[in-house]
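Asks:
In my numbering, the protein residues as written are 670 to 812.
1) Taking the alpha helix (DSSP H) that residue 779 falls in, what are its first and last residues?
2) With DSSP collapsed to three states, give me the class of residue 732.
3) So the candidates are 783, 770, 782, 779; which of them puts its Cα closest to the Cα of residue 792?
4) Answer yes if the segment 760 to 774 comes into contact with the segment 734 to 749, meaning at least three C-beta pairs across the two stretches below 8 Å, and no otherwise.
5) Let's see if you can read the secondary structure: which residues bound the alpha helix (DSSP H) around residue 747?
6) What residue from 708, 790, 737, 794 has the CA that sits closest to residue 686's CA?
7) Which whole-angstrom value is the C-beta distance of residue 786 and residue 706, which I expect to be below 8 Å?
8) Return the first residue and the last residue of the alpha helix (DSSP H) that residue 800 is part of.
9) Could you tell me which residues DSSP puts in a beta bridge with residue 785?
10) For residue 811, which residues from the same chain have a beta carbon less than 8 Å from its beta carbon, with the 5 sequence-adjacent residues on both sides left out?
11) Give me the residue from 722, 788, 728 with the minimum Cα distance to residue 764.
12) Write down the C-beta distance between residue 747 and residue 728 rounded to the nearest angstrom, noting that I regard them as a contact closer than 8 Å.
13) Can you say whether residue 731 is buried or exposed, counting buried as having 16 or more other CB atoms within 10 angstroms of its CB?
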């Protein structure tokens, strides 16, 4: 086998992997997903953000990392006990890893803290989902 054939096989493999990532992302978005960046390891320099697709599943917000071939969500955020601690605009170093016009929410739940960044439309949907808790449950930021 020559160098040309080996290079062709490598390029074919890379193209197949890219096609799998693209197919997974498109499938998630068509099923009602929204573009969301998430991080659970906080860093003052703006590192730790991962792009993904969020999907509402009843009382859970499932987050799928874009660069993952796994079939299940990479993180599940339960609506029960979820509280928004802070809302802010992204800093300069963070903006590269977020949807356009994103707002960053720092959320706290029983499973720990997480920051979620989403665009204006996705933010409206997320806050509506959070507010639409079953009767008898308090709104997490209305104290």
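Glycine residues also receive a C-beta, built at the ideal position from the N, C-alpha and C atoms.
Replies: On the basis of the supplied data:
1) Taken as a continuous stretch (DSSP letters only), residue 779 belongs to no alpha helix (DSSP H), as it is neither H nor E.
2) strand
3) Nearest option by C-alpha distance: 770.
4) no
5) Counting along the chain, no alpha helix (DSSP H) covers residue 747; the unbroken beta strand (DSSP E) around it starts and ends at 744 to 747.
6) Scanning 708, 790, 737, 794 for the CA closest to the CA of residue 686 turns up 737.
7) 4 Å
8) 789 to 800
9) Looking at the DSSP assignment, residue 785 forms a beta bridge with 707, 774.
10) Reliability of the predicted coordinates at residue 811 is poor, the pLDDT of 48 falling under 50, and no value is obtained from them.
11) 788
12) 6 Å
13) buried
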